Amino acid sequence: MRIFDPHIHMTSRTTDDYERMAAAGVRAVVEPAFWLGQPRTNVGSFTDYFDSLVGWEPFRAGQFGVRHHATVALNPKEANDPRCRPVLDVLPRYLEKDGVVAVGEIGYDSMTPEEDAAFAAQLALAVAHDLPALVHTPHRDKARGVERSLAVVAESGIEPGRVVLDHLNEVTVKLVRDTGCWLGFSIYPDTKMSPPRMVELLKAYGTERMLVNSAADWGRSDPLLTRATGEAMLLAGFTDEDVDRVLWRNPVEFYGQSGRLDLSDEDAPEPTFAGNSILRGGS
Ligand SMILES: [Zn+2]
Numbered sequence: 346m347r348i349f350d351p352h353i354h355m356t357s358r359t360t361d362d363y364e365r366m367a368a369a370g371v372r373a374v375v376e377p378a379f380w381l382g383q384p385r386t387n388v389g390s391f392t393d394y395f396d397s398l399v400g401w402e403p404f405r406a407g408q409f410g411v412r413h414h415a416t417v418a419l420n421p422k423e424a425n426d427p428r429c430r431p432v433l434d435v436l437p438r439y440l441e442k443d444g445v446v447a448v449g450e451i452g453y454d455s456m457t458p459e460e461d462a463a464f465a466a467q468l469a470l471a472v473a474h475d476l477p478a479l480v481h482t483p484h485r486d487k488a489r490g491v492e493r494s495l496a497v498v499a500e501s502g503i504e505p506g507r508v509v510l511d512h513l514n515e516v517t518v519k520l521v522r523d524t525g526c527w528l529g530f531s532i533y534p535d536t537k538m539s540p541p542r543m544v545e546l547l548k549a550y551g552t553e554r555m556l557v558n559s560a561a562d563w564g565r566s567d568p569l570l571t572r573a574t575g576e577a578m579l580l581a582g583f584t585d586e587d588v589d590r591v592l593w594r595n596p597v598e599f600y601g602q603s604g605r606l607d608l609s610d611e612d613a614p615e616p617t618f619a620g621n622s623i624l625r626g627g628s
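Counted from 1, the sequence shown has number 465 at position 120 by this note's numbering; the numbering is strictly sequential.
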């Protein structure tokens with residue numbers, strides 16, 4: 346089983362995770378820029394983070410044979426902080442970088458006017474830089490958040506096929522299915538979507554434009570839930586072909602729209618981990 350996790354925050358994960366992911370078939374990831382938990386107080390804090398997403402983290406992933414790409418954005422939560430908003434001015438510089446395959450995560454947290462402004466401005470950046478957009482849907486008041494997100498997406502003029510609405514569930518899937526946007530589902534250990542619930546959605550709605558991710562981060566989460574979903578699909582009667590479509594070809598197609606996915610030696614032999622001593626010592 347080859348797996349492309351289209352949404353995972355590896356900065357918050359350990360080398361053990363990289364080893365387990367590689368052993369489970371994860372060969373490529375997209376790491377969206379997000380809220381790190383500790384509030385940022387200045388733009389430099391963002392740029393150091395973005396530099397890490399396009400520099401250090403791809404290097405670290407490479408030690409385990411995992412291809413790493415990033416998305417950059419001012420996340421919805423910090424769009425409310427006036428100390429953070431000037432990051433919008435430095436984003437264009439990052440949106441030109443090779444490893445950046447979309448604008449994201451953008452969208453809503455609490456649906457404030459400040460979030461409206463940052464969301465619209467960043468969809469405009471996606472259009473200007475010819476990149477897809479990753480839209481985070483809020484955890485509270487989700488249906489209204491999805492409806493409002495779809496309205497902002499429509500207003501922006503971005504092509505719906507270049508947008509993914511993420512963190513969907515059984516309720517919000519219905520709102521997005523016929524819009525032409527892609528549908529993202531985050532599989533969590535004990536809240537939101539689980540592998541069996543995801544399988545039911547794939548039975549009901551098919552595999553087209555469906556993306557499955559672990560969204561693993563600094564909270565309770567599991568980077569192997571993509572693999573668990575693939576196994577649950579097989580047990581439910583889906584074919585290897587179906588699993589490959591959902592866990593590999595769909596994310597390749599979606600993020601491939603950036604023209605920047607680098608999967609050139611994706612068929613290379615499995616890494617041995619013999620060379621990872623470079624990651625010890627922290628120098
Ligand atoms: Zn995320």
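Glycine included, every Cβ here is placed at the ideal spot set by N, Cα and C.
Bear in mind the structure is a predicted one, so any value in this text is a computation, not a measurement.
Within 10 angstroms of its Cβ, does Leu479 collect 16 or more other Cβ (buried), or is it exposed? Mapped onto the sequence shown, residue 479 falls at position 134. Here Leu479 is buried, its C-beta having at least 16 other C-beta atoms within 10 Å.
Could you compute how far the alpha carbon of Met578 sits from the alpha carbon of Asn595?
Here residue 578 corresponds to residue number 233 of the sequence shown, with the count starting at 1. Here residue 595 corresponds to residue number 250 of the sequence shown, with the count starting at 1. Those two C-alpha atoms are separated by around 15 Å.
*At which residue ranges does the stretch 349-416 contain complete alpha helix (DSSP H) runs of 4 or more residues, listed in the order of the chain?*
The stretch 349-416 contains these whole alpha helix (DSSP H) runs: 360-369, 388-399 and 401-407.
Subject >> Heavy atoms of ligand 1 versus C-beta positions, residues under 7 Å >> reply: Output, sorted by chain position: His352, His354, Pro377, Phe379, Glu450, His481, Ala560 and Asp562.
Would you call the stretch 433-442 and the stretch 484-491 touching, i.e. three or more CB-CB distances under 8 Å?
Verdict: no, contact absent.
Practice task
Using the Cα positions of Arg493 and Ser609, report the straight-line distance between them to the nearest angstrom.
Solution key: Working through the sequence shown from its first residue, we reach residue 493 at position 148. Working through the sequence shown from its first residue, we reach residue 609 at position 264. Those two C-alpha atoms are separated by around 38 Å.
Residue range of the alpha helix (DSSP H) that Glu441 falls in? Position 96 of the sequence shown, counted from the start, is the residue given in the question as residue 441. Membership of Glu441 in any alpha helix (DSSP H) is not indicated, and neither H nor E is assigned to it by DSSP.
| Mind checking Arg372: buried by the 16 CB within 10 Å criterion, or exposed? | The residue given as residue 372 occupies position 27 in the sequence shown. Arg372 comes out buried.
> For Ala573, which three-state DSSP category applies?
Replying inline: Indexing the sequence shown from 1 puts residue 573 at position 228. Judged by DSSP in its simplified three-state form, Ala573 adopts helix.
Proximity of Thr457 and Asn425 at Cβ, strictly below 8 Å: What you label residue 457 is simply residue 112 of the sequence shown in a count that begins at 1. What you label residue 425 is simply residue 80 of the sequence shown in a count that begins at 1. In contact: Thr457 and Asn425 (Cβ atoms closer than 8 Å).
The beta strand (DSSP E) that contains Val557, what's its start and end?
If you number the sequence shown from 1, residue 557 lands on position 212. It spans Met555 to Asn558 - the beta strand (DSSP E) in which Val557 sits, taken as one unbroken run.
### Task
Could you pull the start and end residues of the beta strand (DSSP E) that Asp567 belongs to?
Indexing the sequence shown from 1 puts residue 567 at position 222. Bounds of any beta strand (DSSP E) do not take in Asp567, whose DSSP letter is neither H nor E.
*asked:* Taking the alpha helix (DSSP H) that Leu546 belongs to, which residues open and close that run?
replied: As a first step, residue 546 is located in the sequence shown; it is residue number 201 there, counting from the start. Taken as a continuous stretch (DSSP letters only), the alpha helix (DSSP H) holding Leu546 covers Pro540 to Tyr550.
Excluding the 5 residues preceding and the 5 following Leu570 in the sequence, name in chain order all residues of the same chain whose CB lies nearer than 6 Å to its CB. To locate residue 570, count along the sequence shown from 1; it is residue 225. Cβ neighbours of Leu570 beyond the five flanking positions: Ile532 and Ser559.
- Completely contained alpha helix (DSSP H) runs for the stretch 419-486, where each covers 4 or more residues: Listed in chain order, the complete alpha helix (DSSP H) runs (minimum 4 residues) inside the stretch 419-486 are 432-439 and 458-473.
From Val497 to Phe464, what distance separates their C-alpha atoms?
Counting from 1 along the sequence shown, the entry for residue 497 is found at position 152. Counting from 1 along the sequence shown, the entry for residue 464 is found at position 119. Their Cα atoms are separated by approximately 8 Å.
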